[in-house]
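Undergrad: For this note's numbering, count along the sequence shown from 1 and bump the result up by 206.
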Amino acid sequence: MRSSSMPDPPLTTGEYEVFLSFRGPDVRQTFADCLYHFLIHSKIRTFRDEEELRKGEEIAPSLVQAISESKILIPIFSQNYASSKWCLQELAKMVECWKKQGKGGGRTTILPIFYLVDPRDVRHQEGAYEEAFRRHSLKQDQQTIKQWKEALLEVGKMKGWHVAGSDGHGAILEQIFVKVDSLLRTNYTLLTDELVGIDVHVNKVVQLLNLDAASEMIVGIHGMGGIGKTTIAKTVFNKVCTHFDRCCFIEDVRETLLKADGVVVLQNKIISGVLRYDHCNVNNASEGIHMMVDRICKHRVLIVLDDVDAKFEFDKIFGKLGNFSSKSRFIITTRDKRALELLQTDKLHEPGGMSHDHSLQLLSKHAFKMDNPPNEYTALAEKFLKVAAGLPLALKVVGSLLFRTDTNFWRAKLKELKEVPTVEVQQILRISYNELTPNEKQIFLDIACVFIGDYKEVPFYMWSSCDFNPEIGMRTLVNRSLVRIDEEGQFGMHDHLRDLGRAIVNEEDVQNPCKRSRIWSNENALDMLANREGGDQVEVLRVDMRKNEARHEFTEKEFKNLSRLRYLEVNYGRLSGDFKEVLPSLCCLRLHSCDSIPTDLHLKKLVILDLSFCPIKEGWRGWQGIQKAKKLKVVILLECHDIRRVPDLSPCTSLELIKLLSCYKMKGDLHIAGFKNLRVLSLRSTQIAKIITDLMQLVELEELKFEWCGEAGPEIPAEIWRLSKLRTLEISSASPVFVTMEGSLPSSLTSLQIHFCVALEKLPGLANLTNLTELRLVKVGVSEICGLGELAVLTTLEVRNAPRLSSLDGLENLVLLMKLTVSNCGVLPKLPDLVKLIKLQALEIQECQLLSEMQGMMAMKESLSHLDIGRCPSLDCIEGFESLASSLETLSWWELKMQPPDAISKFRHLRRLAFVQVGNLVTTPDLSGLLNLKRLEILTCRQLIQIVGLDGLESLEVLFIETCSSIRELPSLSRLKNLQRLQLTLCTKLTHITGFEGLQSLQELFVYHCWSIAELPDLSSLHDLWGLYIFRCNKLTEVKGLRGLESLGNLSITDCRSMKDLEDLSKLSNLRELRITGCRMLTEVKGVERLMLLRVLKLDLRFRVRSLLKSVARYVTRLITRFLGLLLILVLLLFIFNSQ
């Protein structure tokens, strides 16, 4: 411990988070010292003022700076605190900073501690404080005295801690730490740059969503590009998605609707996202709306539509908003506020610029990889903040530009930026563009104009052929935040950056688009080709005819003058004529869904050929011209369904990438002999049976994929395992595959995946695969994995459906493994000791019938967050399970003969827990200590009679208890204030439930097949309940409190044979769906005719007849009343007339 008399180190900007102010002789050696070291030990940067070391009359500038920059200010009031003028000066400065930042609404918080003094003495300057001020009044002016007294009054009223003489320090220090930590976490819970300063916007949007209200609604986020709309929407989506049954996030809505059949494309995306379909085949908009009404509207859904414009029409895509569940929500982001006004929503949020502190943090993260700038950059950083004007995108891009540069560079760039209006974001971003090399600029403009959303491999080959050096260029663009590449290898770019790139191209010739280097607009492209105006300025051209009713036919004449064109993409067109002497510079030709293709393609510089979706056949004469393309490196044929034979590509010896995908009729052998430069070979869903080659010639092959090729699968030559640069190997086949695997695999492999190769009984040795990070074996016949222990860098191992696997020897040596899955390995007797797997994060062991023990779990005590163990009937010991208490977040325990250990009660970080088919489970472990548990599932535990500690799970949001046929009662649920969904199914002996009065957040209640329940608690306190479902509760006679459920949107009571009475439903003003059937003893359903919002009604016939008769009676009564009223008016008028 550092000596308490040693002064703190000099301050630097932003160095401290907490400032301690105290009177040294009173508490320096006691409470203040303990608090200081408690905070320091907790890694909270704390400054303590050593009052005894001060000199002079005024507090030093360094102390003023420390107070101004600290987020939390803690004055420790003791008996003699007020006797020190320095302490009072510090306190006055604290209050001044606090007031400047909005009295608690800003970044500064004051937390007072009253140590052996009464807070009233502090507020009113009584006792020792009165005597101290009497002495101060002899030396200080009245204004200063007044300022100090006001500061004491202000802080004395604040909530803090009162430390009495008999109090131990430990508990209070813990309370102070918890409060300080929570306040700091409010400021620093930002895990990525994109989330800096976003909390206030997220909270506002969540508030607008009003999740508890039973009214479907649209919330809009609008503002300029780059302000963070998408990031806010994604964060909100992640935060609230658990409140909904189904969710989906749809990006680039505006771009999607510009496509041919854009509405249908968007509907397919939405339906696929909500229903979790891989593919959805809606053919027209009406069909899409009908499917949404039938399949989606009944659910509580959250749908986010990102980047919508004013042309967006909700009804054409979804139908009426009222069709959706009353708890459904839509979030729409747009640059154009008109789009939201047209939707008639007033739930709007417009994010403003980032605050000063958040702007500084975001800029610093990109420029320095830290939260604050070093001292020598602070003044310059402040000036850059003014230039960026709080725009997150500008801060991110400019910060990346300034990364690892000196102050002279900063000053030069600042001078440039000052000459640019700060409101013009494109001009701010153009500074980064101007820093690029000529080749990097070419790549940036290509992506901005035509390659957003495209996979990187095709453009990379084109750029390489043009000597743009794409490897270095892309690294620069990504590092400077100008371009992003996702995990799938697709290009992405912020809208403002895309617009910047396109604006730069438009500036090449403002009046005449035909004289620009890149033409992506369909209108400009068709005008240029129709008028044959294109010249040697055009390098990139995309023509998309999908929206045209008739396919436009192009001949060589339209392209004759495009001598510098290097990229041509035509979708849904027709090409004819003699192309021998045109397009001399063309590198990339992409013809998609073109039903006519010229046969005389003789393109000397062609590097990429993509004929996907074209109706070409094996007899197409164009292959002869393609064979003459000596520079051809890429051939892609996707869903060319008419081609029956593998094209002869053998003359194209420069080929580096071949993809033949979903060409279902393609048969024959693939001749790739002589392809010395081939890097990628991918075959999927073809009938290719054999690869004819000397694989030793494929010295550059990096990726090889065979997926579902032929009835018997491909015959893979033994030499394939000798390819020295192979990095990815993937084989999939549903039928027996003849695979010869002799010798060792190439040491260059990083990913090996073998699926459904049931005839594969032996893998070659893996010992030399020193670069392998991913190994997946699914439905294979191997009995062992030789050399597994030598895979030193393996991070993912998945073995599923390997019924012959008897050993995983070597697993214990995989020290970098992060995910391990062993499933359906019926003869595997044991796992090796896992003591070395200290980085393992996810472990799934399922359906291993002979597995008897697991050892080494203690090694994962800091890393393992997910554990799923099930259907291992022989497993009777998990050694070291208790040690996972500090890391485990998800635990699934299903079909195991051993009972869950009592140690589960100590797993305080557990968020999800499932007990499934634990046959001998009578009493659960004590669950009361699981303070963070959000979801609890107890399913098919037929002997269970008691759930211990359920009543203490205050964070629980979802509770499923199903097929627990021995349980008779549950603990009171009154403390489960966060519970949102409660489902009780097939608990046939359960007689009653208590504690509903505390379920203030409950939204859905399911009670199914609970035959012994005769009475439910009064439901009137469940103000947020929107779904009540009761099914086959044979003894249930009534449901109390229904009339008070004003939020209820769905009520279903089915086959409750003893149900005799049901309260009047007329006050359920939000009810949308009502189903009451099979309740034989129920004689009447009251109030149905007054349910104005009811959309779905399903009642037994007798109820419907009665309801109809009541409605007719009410109608007739109203008519009679109106008639009598009119008659009375006439009588009065006659009386008045006669009297006159």
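The C-beta atom is built at its ideal place from N, Cα and C for all residues, glycine as well.
Comparing alpha-carbon positions, which option in Glu862, Ser891, Ser939 lies nearest valine 907?
TA: Counting from 1 along the sequence shown, the entry for residue 907 is found at position 701. Per the sequence shown, the amino acid found at residue 907 is leucine instead of valine. Ranking Glu862, Ser891, Ser939 by Cα distance to leucine 907 puts Glu862 first.
Undergrad: What would DSSP say about glutamate 1059, mapped onto helix, strand or coil?
TA: Reading the sequence shown from its first residue, position 853 is the one you call residue 1059. Residue state, collapsed to three classes: strand.
Undergrad: Determine contact between the segment 484-493 and the segment 446-464, defined as no fewer than three beta-carbon pairs at a distance below 8 Å.
TA: Result no; under three Cβ-Cβ pairs closer than 8 Å.
Undergrad: Give, in chain order, every unbroken run of the alpha helix (DSSP H) that is at least 4 residues long and sits entirely within the segment 597-664.
TA: Fully enclosed alpha helix (DSSP H) runs of 4 or longer: 598-607, 613-624, 631-640, 644-652.
Undergrad: I need the DSSP call for cysteine 1193, collapsed to helix, strand or coil.
TA: Locating residue 1193 in the sequence shown gives position 987, where the first residue counts as 1. Coil, per DSSP.
Undergrad: Check whether the Cβ atoms of glycine 434 and cysteine 454 sit closer than 8 Å, and answer yes or no.
TA: The residue you call residue 434 lines up with position 228 of the sequence shown. The residue you call residue 454 lines up with position 248 of the sequence shown. The answer is no: Cβ separation not under 8 Å.
Undergrad: Report the residue ranges of all beta strand (DSSP E) runs contained in full by the segment 739-775; include only those spanning at least 3 residues, in chain order.
TA: Counting only runs of 3 or more, we get 746-750.
Undergrad: Can you pull the DSSP bridge partners for glutamate 913?
TA: The residue you call residue 913 lines up with position 707 of the sequence shown. Glutamate 913 is bridged to Arg890, Ser938.
Undergrad: Return the CA-CA distance between valine 1302 and leucine 1280, expressed in angstroms with no decimal places.
TA: Here residue 1302 refers to the residue found at position 1096 of the sequence shown. Here residue 1280 refers to the residue found at position 1074 of the sequence shown. For valine 1302 and leucine 1280, the distance between alpha carbons rounds to 6 Å.
Undergrad: At which residues does the alpha helix (DSSP H) containing valine 412 begin and terminate?
TA: As a first step, residue 412 is located in the sequence shown; it is residue number 206 there, counting from the start. Looking at the DSSP string, the run of the alpha helix (DSSP H) that includes valine 412 is 405-415.
Undergrad: On a Cα-Cα basis, can you pick out the residue from Arg1010, His1229, Leu975 that is closest to arginine 995?
TA: Here residue 995 corresponds to residue number 789 of the sequence shown, with the count starting at 1. First, the amino acid is wrong: residue 995 is glycine here, not arginine. Residue Leu975 is the option with its Cα nearest to glycine 995.
Undergrad: On the criterion of 16 or more Cβ atoms from any shown chain inside 10 Å, does serine 343 qualify as buried, or is it exposed?
TA: Walking along the sequence shown from the start, residue 343 turns up at place 137. Serine 343 should be labelled exposed.
Undergrad: Rounded to the nearest angstrom, how far is the Cβ of serine 1218 from that of asparagine 1184, given a contact under 8 Å?
TA: Along the sequence shown, read from residue 1 onward, the residue named residue 1218 stands at position 1012. Along the sequence shown, read from residue 1 onward, the residue named residue 1184 stands at position 978. About 28 Å separates the two Cβ atoms, so there is no contact after all.
Undergrad: Can you tell me whether cysteine 1083 is buried or exposed? The criterion is at least 16 other CB atoms within 10 Å of its CB, across all chains shown.
TA: Numbered from its first residue, the sequence shown carries residue 1083 at position 877. So cysteine 1083 counts as exposed.
Undergrad: State the DSSP-derived secondary structure class of tyrosine 242, mapped to helix, strand or coil.
TA: One-based indexing of the sequence shown puts residue 242 at position 36. Residue state, collapsed to three classes: helix.
Undergrad: Is it right to say methionine 668 is buried, meaning 16 or more other beta carbons lie within 10 angstroms of its own, or is it exposed?
TA: Counting from 1 along the sequence shown, the entry for residue 668 is found at position 462. It is buried - the Cβ of methionine 668 has at least 16 other Cβ atoms within 10 Å.
Undergrad: At which residues does the beta strand (DSSP E) containing histidine 961 begin and terminate?
TA: Position 755 of the sequence shown, counting from 1, holds the residue named residue 961. Taken as a continuous stretch (DSSP letters only), the beta strand (DSSP E) holding histidine 961 covers 957-961.
Undergrad: Within the same chain, show all residues whose beta-carbon is closer than 6 Å to that of histidine 449, passing over the 5 residues directly before and after it, in chain order.
TA: Position 243 of the sequence shown, counted from the start, is the residue given in the question as residue 449. Same-chain partners within the cutoff: Leu417.
Undergrad: Would you report the Cα separation of serine 289 and isoleucine 278, rounded to the nearest angstrom?
TA: Residue 289 sits at position 83 when you count from the first residue of the sequence shown. Residue 278 sits at position 72 when you count from the first residue of the sequence shown. For serine 289 and isoleucine 278, the distance between alpha carbons rounds to 24 Å.
Undergrad: Please report how far the alpha carbon of leucine 414 lies from the alpha carbon of leucine 554, in whole angstroms.
TA: As a working note, residue 414 is residue 208 in the sequence shown. As a working note, residue 554 is residue 348 in the sequence shown. Distance between the alpha carbons of leucine 414 and leucine 554: 8 Å.
Undergrad: Which residues does DSSP pair with proline 281 in a beta bridge?
TA: Along the sequence shown, one-based indexing puts residue 281 at 75. Paired residues: Ser227.
Undergrad: Let's see if you can read the secondary structure: which residues bound the alpha helix (DSSP H) around isoleucine 523?
TA: For the purposes of this step, residue 523 is identified with residue 317 of the sequence shown, where counting begins at 1. Its alpha helix (DSSP H) spans residues 520-524.
Undergrad: Is the segment 574-587 touching the segment 660-667, taking contact as three or more C-beta pairs under 8 Å?
TA: These segments do not touch.
Undergrad: Would you report the Cα separation of proline 1177 and leucine 597, rounded to the nearest angstrom?
TA: Position 971 of the sequence shown, counted from the first residue, corresponds to residue 1177. Position 391 of the sequence shown, counted from the first residue, corresponds to residue 597. Roughly 53 Å between the two C-alpha positions.
Undergrad: May I ask you to list the residues that DSSP assigns as paired with serine 1098?
TA: One-based indexing of the sequence shown puts residue 1098 at position 892. Serine 1098 pairs with Asp1074, Ala1120.
Undergrad: Please classify phenylalanine 536: does DSSP put it in a helix, a strand, or coil?
TA: Here residue 536 refers to the residue found at position 330 when the sequence shown is read from its first residue. Here phenylalanine 536 sits in strand by DSSP.
Undergrad: Leaving out the 5 sequence neighbours to the left and right, which residues in its chain are closer than 6 Å to threonine 805 when beta-carbon positions are compared?
TA: For the purposes of this step, residue 805 is taken as residue 599 along the sequence shown, with counting starting at 1. Taken in chain order, the residues that qualify are Arg827, Gly828.
Undergrad: Tell me whether the beta-carbon of valine 488 lies closer than 8 Å to the beta-carbon of asparagine 529.
TA: Here residue 488 is taken as the residue at index 282 of the sequence shown, counted from 1. Here residue 529 is taken as the residue at index 323 of the sequence shown, counted from 1. For valine 488 and asparagine 529, no; Cβs fall outside 8 Å.
Undergrad: Could you tell me if methionine 300 is buried or exposed, where buried requires 16 or more neighbouring beta carbons within 10 angstroms of its beta carbon?
TA: As a position in the sequence shown, residue 300 is number 94, starting the count at 1. Methionine 300 should be labelled buried.
Undergrad: Please report how far the alpha carbon of leucine 1340 lies from the alpha carbon of arginine 1328, in whole angstroms.
TA: As a working mapping, residue 1340 is identified with position 1134 in the sequence shown. As a working mapping, residue 1328 is identified with position 1122 in the sequence shown. Approximately 19 Å between the Cα atoms of the pair.
Undergrad: For the 8 Å Cβ check, are there 3 or more pairs between the segment 1218-1233 and the segment 1196-1207?
TA: Yes, since at least three Cβ pairs between the segment 1218-1233 and the segment 1196-1207 fall closer than 8 Å, the two stretches touch.
Undergrad: Which residue wins for smallest C-alpha separation from asparagine 685, given the options Gly741, Phe881, Val604?
TA: Here residue 685 refers to the residue found at position 479 of the sequence shown. The shortest Cα separation from asparagine 685 among Gly741, Phe881, Val604 belongs to Val604.
Undergrad: Determine the extent of the alpha helix (DSSP H) in which threonine 437 is found, giving its start and end residues.
TA: Locating residue 437 in the sequence shown gives position 231, counting from the first residue. Counting along the chain, the alpha helix (DSSP H) containing threonine 437 begins and ends at 435-446.
Undergrad: For serine 1029, does the three-state DSSP call read helix, strand or coil?
TA: Within the sequence shown, the letter at position 823 stands for residue 1029. In this structure, serine 1029 counts as strand in the three-state DSSP scheme.
Undergrad: Compare the Cα-Cα distances from arginine 928 to each of Pro970, Gln381, Gln331, Leu1192 and report the closest residue.
TA: Translated into the one-based positions of the sequence shown, residue 928 becomes position 722. The shortest C-alpha separation from arginine 928 is found at Pro970.
Undergrad: Have a look at the DSSP bridge pairing and note the partners of asparagine 1256.
TA: In the sequence shown, counting from the first residue as 1, residue 1256 sits at position 1050. The partner list for asparagine 1256 (beta bridge, DSSP) reads Gly1233, Glu1279.
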